[in-house]
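K.L.:
So for the sequence shown, the numbering used here puts the first residue at 670; every next one is plus one.
Ideal placement from N, C-alpha and C gives every residue a C-beta, glycine not left out.
All values derive from a computational prediction rather than experimental measurement.
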Amino acid sequence: MVADDSYTAADERARASRRAGLQAKKDEQPANTARSYAAKQREWKARPPGRRPLFSPLPFWPDGELVTPDKLAAWLKEDILLRRVAPPQKKPRARGKGKGKGKAVQLRRQLEEEQLEAAALAEAESLAEALEVPLAEAAELLADDREGYVPPTALAPAAADLAEGSLLMRGTIDAYIAAVIELWRLQVAHGNANTENPRGAAVRGFLEQRGRHRGKHDRASFKDRGTDGIQAGYSPDEWLRVQDLLLSGAAYMPQNLRTRVDLLFGHYYLLRGENRRKMELADLSLLDYPSSEGPTPCGCLVTLLRDGKLNKTAKKEFMGALRHKDPLFCTQGALAQLFFWRWHVAGEPSPSFRRTCPHNHNHRTLVHHDCIHCFPLLTAKPDVISV
């Protein structure tokens, strides 16, 4: 009897340790991932809107929300695999303040719609002329960049990748499975008997089937195979045009220097936006190649990555880029221009790394313009940063 009590106590301590480990992992989970998992877990626990109850009200599964391989496979087959992409909803335009269904109100609303269409079209034409791109592409750029911009009806981009009514892709289905698996781990840590991993052969079979069907559908529908392929991105001429536009506008909009460094870091360092925004001056170092490597001095700007989407354990990772022979494409030159503007033109105090100080190690490489306190100097010395 005493041995049984000791075994029970030890088992409870083990489960408590497992629950603590799962909670620690959940606490470090990104906010978007936690929000996505919570919504999918609520669908598993409760009745999804507009669908018949699948688990708790049915006598076939009296254990309710308990996660098992058979129930997960049935959920996929009867619900998730049958779902289709929701049709894109057009953002409502600003309406008039008057109420009623009179003819005057309808005419006024129609006039406002026409004015908004004309304004959106004029803005797209202005951007297309400035960037020398097609009108439809300019409207798509504005719609992606500005939250409140609604492209004209004639230039509204069609949803090519996920058409209305298309089935969910494998990655979306895998996200539902991952959310349920997290719930299963928590149930096992609380001592439930459902210890078999729900991601069994049946679940893997459904995922493989959806992947094969998606490939066949793309081929049958003649989907553009160049989309998101090796040809995606900037051409050399487009990349040069971007640098020229940013530098030519830096005299009256100095934030272009920051944008240029941001683009160069993303292009040559292959960094996510999160990594670029979190980058600090203490993470940067210059590695000089030995003279035996070439006839001219060559420096490599290296950045230390210890926090990101795929690196949550502070593992040291390094990424670097060599000095470019063309100054317009050189990351080191663009960074030098940005630092000169911040510390010698905008009036931001330059950091010092001669002694260890927490404040000196928190300087961001890319700062928001609100962090600069001496904006009047920008208009006082436009010739200093002109290119």
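(1) If we ignore side chains and look at the alpha-carbon of each, how far apart do G719 and L991 end up?
(2) Among E781, C967, T928, which residue has its Cα nearest to the Cα of T1034?
(3) Can you grab the Cα-Cα spacing for the pair N1031 / D995, in whole Å?
(4) Please classify E851 as buried or exposed, where buried requires at least 16 other C-beta atoms within 10 Å of its C-beta.
(5) How would you label M948, buried or exposed, when you count the other beta carbons within 10 angstroms and need 16 or more for buried?
(6) From Q900, L933, S904, pick the residue whose C-alpha is nearest to that of L915; which is it?
(7) Using DSSP bridges, identify the partner residues of T737.
(8) How far does the alpha helix (DSSP H) with S705 in it reach, from first residue to last?
(9) So F875 and A742 are supposed to be a Cβ contact under 8 Å. How far apart are they, rounded?
(10) Three-state secondary structure (DSSP) at T965?
(11) Quick one: complete beta strand (DSSP E) runs, 3+ long, within the region 922-1004?
(12) CA-CA distance, E809 and L955?
(13) For W744, is the classification buried or exposed, using 16 other Cβ atoms within 10 angstroms of its Cβ as the cut-off for buried?
(14) Among L953, H882, G918, A693, which has the Cα closest to the Cα of A799?
(15) Name the DSSP beta bridge partners of R1033, please?
(16) Within this structure, are the beta carbons of A787 and A797 separated by less than 8 Å?
(17) Which residues in the same chain as V857 place their Cβ atom closer than 7 Å to its Cβ, once the five residues preceding and following it in sequence are excluded?
(18) Using only the alpha-carbon positions, how far apart do F987 and V971 sit?
(19) In terms of DSSP beta bridges, what is L836 paired with?
(20) When you compare only the Cα positions, how much space is there between T702 and L776?
(21) Are the CB atoms of Y958 and A848 within a distance shorter than 8 Å?
(22) Taking 8 Å as the threshold (C-beta atoms), are K981 and E943 in contact?
(23) Considering Cα atoms alone, identify which of L750, L855, R778 is closest to A685.
(24) Measuring CA to CA, which of S960, R873, F891, G690 is closest to D739?
(25) Going by beta-carbon coordinates alone, are F998 and Q912 separated by less than 8 Å?
(26) Assuming contact is defined by CB atoms lying nearer than 8 Å, are R688 and H882 in contact in what I supplied?
(27) Express the C-alpha separation of T1000 and R975 in angstroms, rounding to a whole number.
(28) In this structure, how does DSSP classify P905 when only helix, strand and coil are distinguished?
(29) Beta-carbon separation of P1020 and L940 under 8 Å?
(30) Does the beta-carbon of W853 have 16 or more other beta-carbons within 10 angstroms, so that it is buried, or is it exposed?
(31) With distance defined between alpha-carbon atoms, name the residue in L735, K746, P820 nearest to K714.
P.N.:
The answer reads as follows:
(1) Confidence at G719 is low in this model, with a pLDDT of 38, below 50, so its placement is unreliable and the value that follows should be read with caution. Going from the Cα of G719 to the Cα of L991 covers about 56 Å.
(2) T928
(3) 31 Å
(4) buried
(5) buried
(6) L933
(7) Answer by DSSP bridge pairing: none, since T737 is not bridged.
(8) 700-714
(9) 7 Å
(10) coil
(11) 953-957, 968-974, 986-991
(12) 39 Å
(13) That one is buried.
(14) G918
(15) E949
(16) no
(17) N863, T864
(18) 7 Å
(19) R753
(20) 46 Å
(21) no
(22) No, these two residues do not count as a Cβ contact at 8 Å.
(23) L855
(24) R873
(25) Yes, these two residues count as a Cβ contact at 8 Å.
(26) no
(27) Distance between the alpha carbons of R975 and T1000: 21 Å.
(28) helix
(29) no
(30) buried
(31) L735
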